Amino acid sequence: MKTKLRQLWKLLTDSLWFIPGLMIISSMALGLGLVELEVYYPLHGGNEYPLLFGVGADGSRGMLSAIASSMLTVAGLSFTLTLSAISQVSSQYSPRLLRNFMKDRINQFVMGYFTGSFAYCLIVLRTIRGGDEVTFVPSIAVLAGLLLALGGVLALILFIHHIAESMQVGTIIYKIMDETTDAIDKLFPQELGEPVVSATLNEKAKRLLNEPDGWTIVSASRSGYLQEVDSVRLLDWAVEHKMIVRLEHDTGYFIGKGLPMLSVRPVDGRGVAGKLTDGECDDLQDCLQLGRYRTVEQDVRFGIQQLVDVAIKALSPGINDTTTAIMAIDHLGVVIGRLVTRPFPSPFRTDGTQLLVLTRSAQFDQMMADAFDLIRISGKANHAVFLTLLRTFDKLAGQTHDSDRLMIIRRHAALVREFSDKTLETRYEKEVVNSL
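Residue numbering for the sequence shown follows our numbering, starting at 20 and increasing by one per position.
Right, here's the structure in full:
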């Protein structure tokens with residue numbers, strides 16, 4: 020239940036309507052509150068402060084009507100600008116970047132500010148009485164509407180500046196890099212129970228990870244991408260039920276409804292777990308969060324994939340923007356550089372004595388392949404891309420002394436040199452690439 024609630028909260032806060040909806044409700048409550056304040060505590064400030072509170076019923080109606088109509092117009096304009104930015108980013112860079120614009124807090128705030136101000140003016144406008152009726156003008160509420168209108172001018176300027184800045188490729192790439200490195204900082208190292216240090220347990224874990232027999236399968240109740248694993252709850256469940264739990268897929272993997280999601284077996288290895296109760300299956304399924312799209316929080320490879328998408332799109336024949344591809348490679352170097360210096364947590368976990376959880380997670384060689392294989396292939400005959408890749412590998416090699424990771428980095432550098440020899444046409448370009 021906790022995982023589902025967290026998923027629901029993320030869906031709401033990342034949407035383009037939730038925060039504006041809250042701001043509309045808050046604005047309506049503010050309008051009603053200020054009107055009620057005027058009813059119970061009348062403010063007779065029209066004579067003492069005529070510039071602030073001396074507006075009559077007709078003047079208040081006219082001003083609030085003008086503010087309401089202008090706010091609704093500007094809200095429509097801001098929505099149009101947002102859709103235009105989303106469309107341009109999707110076509111020019113990658114459709115997987117749309118969520119970054121949808122969950123942008125400034126976009127959500129500005130939309131909520133204008134629509135909330137519109138709702139506020141309508142609420143206050145209907146309470147004004149004048150003419151033959153008993154005269155009632157909520158002066159404080161009318162003044163607050165004027166202040167909201169003045170604040171709307173600043174919000175519009177902020178929004179236009181933000182849209183112009185957020186559509187720049189440098190800003191887009193930097194935000195992806197920043198989000199991915201934040202995820203790396205949280206996931207590496209990851210504390211979950213006790214890591215396997217015994218060679219015997221480690222060999223047993225590797226054997227069980229690929230052993231097909233003796234497991235009771237828990238299938239997915241719906242389709243979706245594996246977004247998050249509640250590792251602590253999974254370990255607690257394994258301890259409580261004296262079971263070994265094996266995840267069948269890594270985060271970011273698409274699991275179809277009815278397909279294996281995880282498997283369990285007794286810790287002592289005697290027989291199989293048998294049929295699990297519906298409650299036990301629900302508890303296990305609740306430890307894993309499935310969604311309609313991939314997220315970066317526990318899926319670092321998706322952050323890498325977004326940067327790769329930008330680079331590949333830039334290198335496509337229809338765009339042919341080498342500079343953007345180089346920028347994406349530079350930021351990929353920062354992401355992989357954050358990984359190359361950190362130990363990867365063991366995918367096998369114990370409670371100190373017994374093997375309990377078997378997970379599947381990408382290792383450094385897979386991260387390197389995700390980051391640079393497609394870019395190397397897409398950069399065919401582009402010596403600037405080859406040079407940037409080799410310089411990036413040189414920086415990565417200087418950040419680690421791990422022999423296995425150095426071998427992986429050198430292998431990718433050798434692949435770039437081999438591919439450049441086959442695709443570059445001039446001797447000069449080949450010599451420049453091979454000089455690094």
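Even for Gly, the Cβ is constructed at its ideal location relative to N, Cα and C. The model shown is predicted, which means the values in this text are computed figures rather than measured ones.
Residue-level contact to chain D via CB, residue i, 7 Å cutoff
i: G352; result: Here chain D cannot be found, since the structure has a single protein chain.
Residue i, enclosing alpha helix (DSSP H) - first and last residue
i: L415; result: 402 to 416
i: M467; result: This structure cannot settle anything about residue 467, because the visible part of the chain is limited to 20 through 455.
i: L173; result: 158 to 185
i: R436; result: 422 to 442
i: L358; result: 341 to 359
i: I396; result: 383 to 397
Local Cβ density within 10 Å of residue i, reported as buried at 16 or more and exposed below that
i: D389; result: buried
i: M426; result: exposed
i: Q324; result: buried
i: S136; result: buried
i: N453; result: exposed
i: D392; result: exposed
i: Q304; result: buried
i: P114; result: exposed
i: D302; result: buried
i: Q382; result: exposed
i: P231; result: exposed
i: D318; result: buried
i: K261; result: exposed
i: S97; result: buried
i: L375; result: buried
i: G243; result: buried
i: S282; result: buried
Straight-line gap, residue i to residue j (C-alpha atoms, nearest Å)
i: M186; j: F273; result: 30 Å
i: A400; j: I394; result: 12 Å
i: V359; j: N229; result: 27 Å
i: I345; j: A330; result: 7 Å
i: V143; j: M280; result: 54 Å
i: R226; j: E267; result: 14 Å
i: G50; j: I191; result: 38 Å
i: G371; j: S240; result: 32 Å
i: T99; j: I176; result: 15 Å
i: K122; j: Q308; result: 19 Å
i: L409; j: S439; result: 11 Å
i: T270; j: D201; result: 17 Å
i: T407; j: V251; result: 41 Å
i: P285; j: Q373; result: 11 Å
i: D297; j: R313; result: 28 Å
i: L326; j: S365; result: 26 Å
i: G189; j: R311; result: 28 Å
i: A333; j: L295; result: 50 Å
i: T134; j: I125; result: 14 Å
i: G417; j: V354; result: 15 Å
i: S46; j: A138; result: 7 Å
i: P157; j: A94; result: 26 Å
Secondary structure of residue i, DSSP reduced to three states
i: Q308; result: strand
i: S79; result: helix
i: L334; result: helix
i: Y8; result: Residue 8 cannot be examined here, being either before or after the span of the chain that is shown, 20 to 455.
i: V283; result: strand
i: I86; result: helix
i: V319; result: helix
i: F363; result: coil
i: R148; result: strand
Element boundaries [beta strand (DSSP E), containing residue i]
i: T369; result: 367 to 369
i: G243; result: 243 to 248
i: L377; result: 374 to 377
i: L35; result: Taken as a continuous stretch (DSSP letters only), L35 belongs to no beta strand (DSSP E), as it is neither H nor E.
i: S454; result: First-last for S454: undefined, no H or E at that position.
i: L266; result: 262 to 266
i: T235; result: 235 to 238
Proximity test, residue i beta-carbon vs the ligand MN heavy atom, cut-off 6 Å
i: T442; result: The ligand MN is not part of this structure, which contains no ligands at all.
Within the stretch 95 to 125, ranges of the alpha helix (DSSP H) (whole runs, at least 4 residues)
DSSP runs (the alpha helix (DSSP H)) wholly in the stretch 95 to 125: 117 to 121.
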